[in-house]
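First the structure, in the form of structure tokens, and then the observations on it.
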Amino acid sequence: MPRSVNSVASRARRKKVMKQAKGYFGRRKNVWTVAKNAVEKAMLYAYRDRRNKKRNFRSLWITRINAGARLHGMSYSQFMGKVKSNGIELNRKVLADLAMNHPDAFKAIVDRVK
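Under full-length UniProt numbering, the residues of the sequence shown are numbered 1 to 114, in order.
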């Protein structure tokens with residue numbers, strides 16, 4: 001009996017990876033082994049950086065809230081402690097947006113928690 005190799009599935013798998021490598025420079029886009037490694041590494045970076053993005057945005061929001069709070073004579077930690085103790089249910093993303101784009105609304109929150 002002849003050896004059965006599922007070449008349809010193998011070709012489809014290679015084709016999928018080569019499609020993902022489209023736009024890469026040099027041999028990374030058209031040589032199977034190089035493209036496979038490049039796509040695998042790219043997927044690892046994408047997985048890692050989806051998590052890093054959350055950290056980066058949180059730190060950006062904290063920086064913006066800190067800058068807004070210090071304009072009104074409070075540190076970030078004092079401000080956030082008072083926000084939590086006063087039961088204001090605004091998250092850091094919203095507070096950062098208020099501090100950046102709506103300073104009057106942010107000032108109203110600061111005045112309320114002081």
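Glycine included, each C-beta is placed from N, C-alpha and C at the ideal position.
Below 8 Å between beta carbons: does that hold for residue i and residue j?
| i | j | result |
| --- | --- | --- |
| G68 | A21 | no |
| residue 155 | I88 | The first residue shown for the chain is 1 and the last is 114, placing residue 155 beyond what the model contains. |
I'd like to confirm something about residue i: is its beta-carbon nearer than 7 Å to some heavy atom of the ligand COA, or not?
| i | result |
| --- | --- |
| A105 | No copy of the ligand COA appears in this structure; indeed no ligand is present at all. |
Using the beta-carbon count (16 or more within 10 Å), is residue i buried or exposed?
| i | result |
| --- | --- |
| L90 | exposed |
| V83 | buried |
Residue i lies in the alpha helix (DSSP H); which residues open and close that run?
| i | result |
| --- | --- |
| residue 140 | An answer regarding residue 140 cannot be provided, because it is not within the stretch 1 to 114 covered by the chain. |
| A105 | P103 to V113 |
| M18 | S7 to Q20 |
Give every residue of the same chain whose Cβ lies closer than 7 Å to the Cβ of residue i, excluding the five residues on either side of it in the sequence, and list them in chain order.
| i | result |
| --- | --- |
| Y76 | I62, I65, N66 and A69 |
So, at 8 Å on beta carbons, what are the nonlocal neighbours of residue i in its own chain, with the 5 sequence-adjacent residues on each side left out?
| i | result |
| --- | --- |
| L60 | A96 |
For residue i, which residues of its own chain have a beta-carbon under 6 Å away from its beta-carbon, when the five flanking residues on both sides are left out?
| i | result |
| --- | --- |
| N86 | V113 |
Give, in chain order, every unbroken run of the alpha helix (DSSP H) that is at least 4 residues long and sits entirely within the stretch 31-98. For the stretch 31-98, whole alpha helix (DSSP H) runs of length 4 or above, ordered along the chain, are 32-71 and 76-85.
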